[in-house]
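In my numbering, each residue's number is its place in the sequence shown (first place is 1) plus 630. For every residue, glycine included, the Cβ atom is placed at its ideal position computed from N, Cα and C.
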Amino acid sequence: MSATGNREQLPLDLLRQRIRAAEVRFSRVPNSVGLLAVSKTRTATEVRHVAAQDQRRFGENYLQDALPKLDSLKELGLEWHFIGRIQSNKTRQIAALFDWVHSVDRPRIAERLAQQRPKELAPLNVCIQVNISAEITKSGCNPEDLPPLVDTIVRLPRLRLRGLMALPAPATEFEQQRLPFRRIHGLYQELNAAGVDIDTLSIGTSSDYEAAIAEGATLIRLGSAIFGPRSA
Ligand SMILES: *Cc1c(COP(=O)(O)O)cnc(C)c1O
């Protein structure tokens, strides 16, 4: 099978068809793979255009870039996911403004998010970012630190542990792309087998989402495939 390393922008309908086709090809339950539209560096107008095509979930990496967008799109009632590296002085705003955080990678950040999640809001959905193999960023907990971090998070009442996230270094060959995803899927299954109630495996970007679907992704995070190439 050829690599999926194409970053071409596709109409959302066609992208959805490709996701459904990959579910069939890799024997996944129909509609079991969700789509997070990664809107970092995009304008509120671009987000509005995509949201109008029945896309509800959006991901942001940089708090300062996200704040004006979240504010100007408030009336749309979109679901916002924070997927970037978290500095501890940003947790208060992240806890107040986002519905999900995918990039929790250390106990201190989890504790701060829990303390700062406003009482009138539902618990914050969190995924633990795992550093599976030479990740692009230095973020992510090491696999051996995962069990204690899971224990910490499940005890925090204002957080709801939903699953795991990874952002492996890019690979061009399809079989190479699958390897780190297979490892994190293994960790995900181990947690489930140990009775940790999680339902989200957040893996796969525009260049490797089919490999991620092959390895059990339940939420893929696509930026350039939806919005076109990023200038930044
Ligand atoms: C930018 C980003 C993506 C999306 O990448 P694309 O190649 O534009 O699809 C997904 N996940 C994270 C954590 C990102 O920072």
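Across the structure, Ala824 and Arg655 are spaced so that their CA atoms are roughly 29 angstroms apart.
Residue environment: Ser733 is assigned as buried (16 or more neighbouring CB atoms within 10 Å of its CB, all protein chains considered). Residues whose Cβ lies closer than 6 angstroms to any heavy atom of ligand 1, listed in chain order: Val668, Lys670, Asn691, Ile713, Leu797, Thr835, Ser836, Ser837, Arg851, Leu852, Gly853, Ser854, Ala855. In the structure shown, Gly816 falls within a helical segment according to DSSP collapsed to helix, strand and coil.
Here the alpha carbons of Leu754 and Phe712 stand approximately 11 angstroms from one another.
Taking Ile843 as reference, the option from Phe804, Phe857, Ser861 with the minimal CA-CA separation is Phe804. Rounded to the nearest whole angstrom, the C-alpha separation of Glu774 and Ala725 is 26 angstroms. With a beta-carbon spacing of about 4 angstroms, Glu845 and Phe811 fall inside the 8 angstroms limit used to define contacts. Nearest neighbour of Gly664 by Cα position, chosen from Arg715, Asp829, Arg738, turns out to be Asp829. Residue burial annotation: Lys699 is buried, with at least 16 other C-beta atoms found within 10 angstroms of its C-beta.
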